[in-house]
């Protein structure tokens with residue numbers, strides 16, 4: 148996040164108080180976007196600049212570990228979705244087979 152005090156400019160947010168935070172990631176979470184947008188509006192007002200399409204980043208201690216976590220979470224949700232879809236399709240096929248078998252006996 149961006150904050151301004153008189154003429155001094157300070158960037159903070161995420162792991163910024165940590166001295167080991169030398170990496171950053173682009174913000175993709177919509178629930179945090181209004182806070183970052185507010186920081187941009189404050190910077191625009193304080194410094195007389197215009198930021199039409201700002202990019203938002205946050206500090207992190209280990210960007211690679213966070214990206215690996217995001218990848219693993221993505222794989223997990225993909226697998227759960229695929230298994231749920233397979234189960235749903237198996238149920239529908241079983242019901243269709245049972246229905247057609249019953250119709251064939253009439």
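Residue numbers (the numbering used here): 148 to 253.
By construction, the Cβ of each residue, glycine as well, lies at the ideal position given by its N, Cα and C atoms.
On a predicted model such as this, the values are computed, not experimentally measured, just so you know.
Query - Cβ pair residue 208, residue 168 closer than 8 Å - result: As a working mapping, residue 208 is identified with position 61 in the chain shown. As a working mapping, residue 168 is identified with position 21 in the chain shown. With a cutoff of 8 Å on beta-carbon distance, residue 208 and residue 168 are scored as near each other.
Query - Cβ neighbours of residue 210 in the same chain (closer than 8 Å, five flanking residues each side left out) - result: As a working mapping, residue 210 is identified with position 63 in the chain shown. So the qualifying residues of the chain are 170, 171, 172.
Query raised in the report: Taking just the CA atoms, how far does residue 221 sit from residue 234?
Result: Here the question's residue 234 lines up with position 87 in the chain shown. Here the question's residue 221 lines up with position 74 in the chain shown. Approximately 20 Å between the Cα atoms of the pair.
Report task. Can you have a look at residue 212 and say buried or exposed, based on whether 16 or more other CB atoms are within 10 angstroms of its CB? Result -> Counted from its first residue, the chain shown places residue 212 at position 65. Counting Cβ neighbours within 10 Å, residue 212 comes out exposed, since fewer than 16 surround it.
Query raised in the report: So residue 174 and residue 204 are in contact, right, with Cβ under 8 Å, and what is the actual spacing, rounded?
Result: As a working mapping, residue 174 is identified with position 27 in the chain shown. As a working mapping, residue 204 is identified with position 57 in the chain shown. Right, their Cβ atoms sit about 6 Å apart.
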